[in-house]
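> The structure follows.
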Amino acid sequence: MKLLSKTLIAAVSTFVLAQGLNAETTICYKKDWKSPSTIETTKLDGGQCKGELSFAEMKKNGWKLKDLKIENGKKGLNYIYVLTDKELISIDNTNFMENKYTKLEYNPIYTRLNNLSEDTAEINVGNLRVGQSAIIEHTYSNGKSLIIANAYVTDSNANSSTLKIIPFLDIKQNAIPTSSRKPVNGDKVTINYLYDSSMIIAPSQDAFLATREKYKDNDFLHSDLFAAKLKVEAEPLPSKERIQEFASSQNIGTIFFVIGSTIYIVDTKTFAILEKGSLSYNFTQDEKMPFYTRIEKIEKNPFESILDYENWLGFLKTFLGDDERTEEQILLEDDIESGALQVKGDIYNNYYKTILGLENAAK
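Counting with mature numbering (1 follows the signal peptide of the UniProt record, and there is no 0), you get residues -18 to -1, 1 to 345 for the letters of the sequence shown.
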């Protein structure tokens, strides 16, 4: 039985979106798309796209990807792009290999702020990656110290680097007072904060184990814990925002994304690719979406309230139709119609390439 008529759902959803999203945000989507590798250049419906502009064209026009959701459709996948023209932490991962410096260092690097000007500062440490993050601590006269800000590298040369200073939001607890102190010259900077605390997003057990074996010095949180969170939250495919929220809650500094035979090492705060490496493992047919985990059947909650717009149902129902299949069923089914999605690995690879901004990166 339908909860509401499609016409009413569409009207209510449009009203909520108009009221809840400011003028700097737009939502574009594509329904029942069967070719993930071409989604970026495909004309998107809704919002400022209006069936005339693709995601690639929207980026050229100054729009930035705030979040991405992918849901099951009757014949393919439904893509929902949340775009904003606000200034976000924006790292162009297609150019990440311009960081042609020494091997990525996972141990903390300590230095001091200097030449502070509003929300930028310099440090006397060079050869850092753009997007490499840090924390800033202030030490009081009594010897006690407090983390007062985050920062990330926006430019680096052989001798020094420039930092962009942003709020410290790692601890989200309303019961804990928030310091209003601003960074000053001389405050302590810790680069690579928690970089050796990591998580693996891999398509199979073989890929997961091979990554863990190659990077033995890192402390990896098992992907089952993230999958359990997704199961509890009824979110079959994790968005960029969900990945970052979980990483922050678990004090994870880096995420290792295995895409094909390549590992992309990503900063959790900036989602900048810091380094990539090759990985050798057995390519099998047990590749899983959303990633390798022993948690079974991460499904969308069928009893989710039609008014729970925070979880997207109100908006998605305007074009999802009445298909009751789960994402697992649509993504992993063996017999699908000709011309539909063919290879599970392609779905996994294109999903995470999109999240990392690698759609047009050179192979």
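Cβ coordinates follow ideal geometry from the N, Cα and C atoms, glycine included.
Is the Cβ-Cβ distance between residue 337 and residue 222 less than 8 Å?
Residue numbering aside, residue 337 sits at position 355 when the sequence shown is read from its first letter. Residue numbering aside, residue 222 sits at position 240 when the sequence shown is read from its first letter. Result yes, Cβ atoms of residue 337 and residue 222 sit closer than 8 Å.
> Going by CA-CA distance only, name the one from 230, 106 and 166 that's closest to residue 139.
Mapped onto the sequence shown, residue 139 falls at position 157. Out of 230, 106 and 166, 106 has the C-alpha closest to the C-alpha of residue 139.
> In chain order, what residues of the same chain have a beta carbon less than 7 Å from the beta carbon of residue 98, not counting five sequence neighbours either side?
On the sequence shown, residue 98 is found 116 positions in, with the first residue counted as 1. Once the five neighbours on either side are set aside, the close Cβ partners of residue 98 are 165, 166 and 167.
> Please report the Cβ distance between residue 14 and residue 60, rounded to the nearest whole angstrom; I am assuming they are in contact, meaning their Cβ atoms lie under 8 Å.
Stepping through the sequence shown from its first residue, residue 14 is reached at position 32. Stepping through the sequence shown from its first residue, residue 60 is reached at position 78. Contact flag correct, Cβ pair sits at about 7 Å.
> Out of curiosity, what's the CA-to-CA distance linking residue 162 and residue 129?
Within the sequence shown, numbered from 1, the residue matching residue 162 stands at position 180. Within the sequence shown, numbered from 1, the residue matching residue 129 stands at position 147. Roughly 11 Å between the two C-alpha positions.
> Are the CB atoms of residue 261 and residue 248 within a distance shorter than 8 Å?
Residue numbering aside, residue 248 sits at position 266 when the sequence shown is read from its first letter. Residue numbering aside, residue 261 sits at position 279 when the sequence shown is read from its first letter. It is not a contact, given that the beta carbons lie outside the stated cut-off.
> Report all residues from its chain with a CB closer than 6 Å to the CB of residue 8; omit the five preceding and five following residues, and keep chain order.
Locating residue 8 in the sequence shown gives position 26, counting from the first residue. So the qualifying residues of the chain are 29, 30 and 65.
> Does the distance from the C-beta atom of residue 180 to that of residue 274 stay below 8 Å?
Numbered from 1 along the sequence shown, position 198 holds the residue referred to as residue 180. Numbered from 1 along the sequence shown, position 292 holds the residue referred to as residue 274. Contact: no.
> Apart from the five residues just before and just after residue 194, which ones in its own chain have a Cβ nearer than 7 Å to its Cβ?
Against the sequence shown, residue 194 aligns to sequence position 212. Around residue 194: 182 and 202.
> Please list, in chain order, all residues of the same chain as residue 169 whose beta carbon is under 6 Å from its beta carbon, the five residues on each side excluded.
Against the sequence shown, residue 169 aligns to sequence position 187. Contacts found: 95, 118 and 120.
> Mapping DSSP to helix, strand and coil, what is residue 212?
By one-based count along the sequence shown, residue 212 stands at place 230. Residue 212: helix per DSSP, three-state reduction.
> Could you check what DSSP says for residue 238 in three-state terms: helix, strand or coil?
Here residue 238 is taken as the residue at index 256 of the sequence shown, counted from 1. In this structure, residue 238 counts as strand in the three-state DSSP scheme.
> Could you pull the start and end residues of the beta strand (DSSP E) that residue 181 belongs to?
Within the sequence shown, numbered from 1, the residue matching residue 181 stands at position 199. Looking at the DSSP string, the run of the beta strand (DSSP E) that includes residue 181 is 179 to 183.
> Could you tell me the boundaries of the beta strand (DSSP E) in which residue 38 lies?
Position 56 of the sequence shown, counted from the first residue, corresponds to residue 38. Where residue 38 is concerned, there is no enclosing beta strand (DSSP E), although the alpha helix (DSSP H) it sits in stretches over 37 to 42.
> Grouping DSSP H, G and I as helix and E and B as strand, with all else coil, what is residue 224?
On the sequence shown, position 242 is the one that residue 224 refers to. Correct three-state label for residue 224: helix.
> Ends of the alpha helix (DSSP H) at residue 191?
Here residue 191 refers to the residue found at position 209 of the sequence shown. First-last of the alpha helix (DSSP H) with residue 191: 187 to 196.
> Quick one: using the 10 Å Cβ neighbour count with 16 as the cut-off for buried, is residue 199 buried or exposed?
Position 217 of the sequence shown holds residue 199. The residue is exposed, with fewer than 16 neighbouring Cβ atoms inside 10 Å.
> What residue from 184, 208 and 340 has the CA that sits closest to residue 238's CA?
In the sequence shown, counting from the first residue as 1, residue 238 sits at position 256. Among 184, 208 and 340, the Cα nearest to that of residue 238 is on 184.
> Tell me which residues share the same chain as residue 142 and place their Cβ nearer than 8 Å to its Cβ, disregarding the 5 neighbours each side in the sequence.
Taking the sequence shown and counting its residues from 1, the one referred to as residue 142 is at position 160. Once the five neighbours on either side are set aside, the close Cβ partners of residue 142 are 104, 105, 106, 107 and 108.
> Leaving out five residues on either side along the sequence, give the residues of the same chain with a beta carbon under 8 Å from the beta carbon of residue 328.
The count along the sequence shown starts at 1 and reaches residue 328 at position 346. Within the same chain, residue 328 has close Cβ partners 18 and 19.
> For the beta strand (DSSP E) containing residue 94, name the first residue and the last one.
On the sequence shown, position 112 is the one that residue 94 refers to. First-last of the beta strand (DSSP E) with residue 94: 91 to 94.
> Rounded to whole angstroms, what's the CA-CA distance from residue 58 to residue 11? Just pull it up for me.
Walking along the sequence shown from the start, residue 58 turns up at place 76. Walking along the sequence shown from the start, residue 11 turns up at place 29. Taking the straight line joining both Cα atoms gives about 13 Å.
> Rounded to whole angstroms, what's the CA-CA distance from residue 339 to residue 75? Just pull it up for me.
For this step, residue 339 is matched to residue 357 along the sequence shown. For this step, residue 75 is matched to residue 93 along the sequence shown. Approximately 6 Å between the Cα atoms of the pair.
> My understanding is that residue 280 touches residue 213, with C-beta atoms under 8 Å, so please give their C-beta distance in whole angstroms.
Counted from its first residue, the sequence shown places residue 280 at position 298. Counted from its first residue, the sequence shown places residue 213 at position 231. Confirmed, Cβ separation roughly 5 Å.
> Could you pull the DSSP bridge partners for residue 202 from this structure?
Counted from its first residue, the sequence shown places residue 202 at position 220. Per DSSP, 180.
> Assuming residue 254 is part of the beta strand (DSSP E), what are its boundary residues?
By 1-based counting over the sequence shown, the position of residue 254 is 272. Segment: none, residue 254 is in no beta strand (DSSP E) and carries neither H nor E.
> How big is the Cα-Cα spacing for residue 235 and residue 188?
Translated into positions along the sequence shown, residue 235 becomes position 253. Translated into positions along the sequence shown, residue 188 becomes position 206. Each residue's alpha carbon lies about 23 Å from the other.
> If residue 110 and residue 135 are in contact, beta carbons under 8 Å, what's the gap, nearest whole angstrom?
Against the sequence shown, residue 110 aligns to sequence position 128. Against the sequence shown, residue 135 aligns to sequence position 153. Right, their Cβ atoms sit about 5 Å apart.
> Is it right to say residue 56 is buried, meaning 16 or more other beta carbons lie within 10 angstroms of its own, or is it exposed?
Translated into positions along the sequence shown, residue 56 becomes position 74. By the neighbour-count rule (16 or more Cβ atoms within 10 Å), residue 56 is not buried but exposed.
> Verify whether the separation of the beta carbon atoms of residue 252 and residue 44 is less than 8 Å.
Numbered from its first residue, the sequence shown carries residue 252 at position 270. Numbered from its first residue, the sequence shown carries residue 44 at position 62. Cβ distance not < 8 Å, so residue 252 and residue 44 don't count as in contact.
> Taking DSSP as the reference, what is the three-state secondary structure of residue 331?
Here residue 331 corresponds to residue number 349 of the sequence shown, with the count starting at 1. Helix at residue 331.
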